[in-house]
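Trainee: Each residue of the sequence shown is one higher than the last, beginning at 25 in the working numbering.
Even for Gly, the Cβ is constructed at its ideal location relative to N, Cα and C.
None of the values given here were measured: they were computed from a predicted structure.
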Amino acid sequence: MSTKPCPICKTPKQSEEYAPFCSARCRDKDLNRWFNDGYSVPGPPADPEDIARDIDQGHD
Numbered sequence: 025m026s027t028k029p030c031p032i033c034k035t036p037k038q039s040e041e042y043a044p045f046c047s048a049r050c051r052d053k054d055l056n057r058w059f060n061d062g063y064s065v066p067g068p069p070a071d072p073e074d075i076a077r078d079i080d081q082g083h084d
């Protein structure tokens, strides 16, 4: 078992079932942060029109 603490609450993990989190609660809390812009990827904001154009042209 890993010795790293849970990245959300910093408590030791009791099992690997929810790795790298200690529980379903912390796993869901992390997912919620992604959904609600709690995390971000560095870089300039993407223009929705550029994204649509890239998708239409087959670029990912």
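Let's see if you can read the secondary structure: which residues bound the alpha helix (DSSP H) around residue 73?
Mentor: 72-80
Trainee: For the alpha helix (DSSP H) containing residue 56, list its first residue and its last residue.
Mentor: 48-59
Trainee: Exposed or buried, which one is residue 45 when buried takes at least 16 other CB atoms within 10 Å?
Mentor: Buried, since its Cβ has 16 or more Cβ neighbours within 10 Å.
Trainee: So with Cβ pairs under 8 Å, would you call residue 69 a contact of chain C?
Mentor: In the structure shown, chain C does not exist; there is a single protein chain.
Trainee: Let me confirm a value: residue 34 is counted as buried when at least 16 other C-beta atoms fall within 10 Å, else exposed. Which label applies?
Mentor: exposed
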